[in-house]
Amino acid sequence: MAKYLYLSKLVTVSGASGAIARLMLDQFLNFYFVPQKFQVLAANFVAFAWNVILSFKAHKEVTAK
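Counting in the UniProt record's numbering, the sequence shown runs from 1 upward without gaps.
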């Protein structure tokens, strides 16, 4: 996990080139560390976790007037 966080900090370039670099890093780690029969499951789990994080960040409580 520490290695992933270190590599993740190296690829914090904004914009499309940063997104492509980040995707390449994530897929490299997926193919390198995850057995083949679990790669789709791992990618879907990461996507689900990312959607949960984005949902919590986007959530704004509506106050009654």
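Note that CB positions come from ideal geometry on N, CA and C, so glycine has one too.
- Item | N30 vs A47 beta-carbon contact at 8 Å | no
- Message: Restricting to runs no shorter than 4 residues, where is the alpha helix (DSSP H) found entirely within the stretch 15-42?
- Response: For the stretch 15-42, the continuous alpha helix (DSSP H) assignments of 4+ residues that do not extend past its boundaries occur at 16-33, in sequence order.
- In whole angstroms, what separates the C-alpha of F28 from that of H59? 31 Å
- Item | Separation of N51 from A21, as counted between CA atoms | 20 Å
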